[in-house]
């Protein structure tokens, strides 16, 4: 144990090392009333340190099989990845029975609570647009600017947290690096959430940054529509958000998908967001823009090409039934815009080393 602590102290820009007793005190002995979330990696507790800092403590499940030396090295790697739109990892605890990660606490909760939960934030168009743009910038940093390329794997509205100024921050990036998984661009186990899964990843296990681009496209549509990607309480034509958005886009009525609570929005900006989202959710990963291009299209720095093919998506029943097809008219037509030339998904080329995150 002393060796691992010494390793952390010697790391440049090292994360903080917390004792188990410190975090027990901060969370009232991991009281269940302090649980603020729970995902595939384990529960998250709200806590308060003696210095007044409010923190979020993630208790990793026992499926993390790494040795402590490797664990602290990976924690240091993740904590060094810092950006305005990423949740900050303060440090970790290595003297507990299960590994603990300590993050900054975000006061305004998650984006899903804000846009289709019971939040009182009442996000107007300007707020929603800035949230979308912030997420895009955070993903662009993870994919293209960080010292190590990080593919999140589970981008969704509940993994986007909002601070007091409604600045969006991506959570849970890099977590799969803490688990005993083969690091490859092809994943043997699918991680993610139905409704956000890119077809090539869900059906064939091919993982690149473009899987995050697809999921972000879904989040964009959810944010402007004020609803989840699937809602069985709606009329049949509106149940699946991607399908409804494409239908309205083809009818040149794309703005009809916007949240009816939105007033006084910028119509050109809203139409641009919808078009970018439709590009991001194309069936072929080659047809989806990289995140740096997404940022440029959202800000108006580059023109958004016309969307020529229907987005792709899969449903949970397809995965359960072993159905290998996608719920779309496919992308069998020609693709003439700048993101791709092929007519169908081709085997992915070897990508740079990546960290696979989220579950």
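Numbering (the numbering used here), first residue to last: 6 to 364. Backbone N, C-alpha and C define an ideal beta-carbon position, used for all residues, glycine too.
In this model, residue 295 and residue 302 are separated by some 11 angstroms (Cα to Cα). Per DSSP, the beta-bridge partners of residue 62 are 50 and 107. DSSP, reduced to helix, strand and coil, places residue 204 within a helical segment of the structure shown.
According to the DSSP assignment, residue 165 belongs to the beta strand (DSSP E) that extends over 165-167. Spatial neighbours of residue 147 in its own chain (CB-CB distance under 7 angstroms, excluding positions within 5 residues in sequence) are listed in chain order as 155, 157 and 178. Taking all protein chains in view, the Cβ of residue 56 is surrounded by fewer than 16 other Cβ atoms within 10 Å, so the residue is classified as exposed. In this structure, the alpha-carbon of residue 123 lies about 16 angstroms from that of residue 42. Residue 21 has 96 as its beta-bridge partners, per DSSP. Residue pairing by DSSP places residue 91 opposite 175 in a beta bridge. Residue 298 and residue 102 have their alpha carbons spaced roughly 44 angstroms apart. The beta carbon of residue 115 sits closer than 6 angstroms to the beta carbons of 163 and 166 from its chain, once the five residues preceding and following it are set aside; these are given in chain order. For the set 107, 227, 88 and 111, the Cα lying nearest the Cα of residue 54 is the one of 107. In this chain, the beta strand (DSSP E) harbouring residue 44 covers 40-44. Residue 245 is bridged by DSSP to 235.
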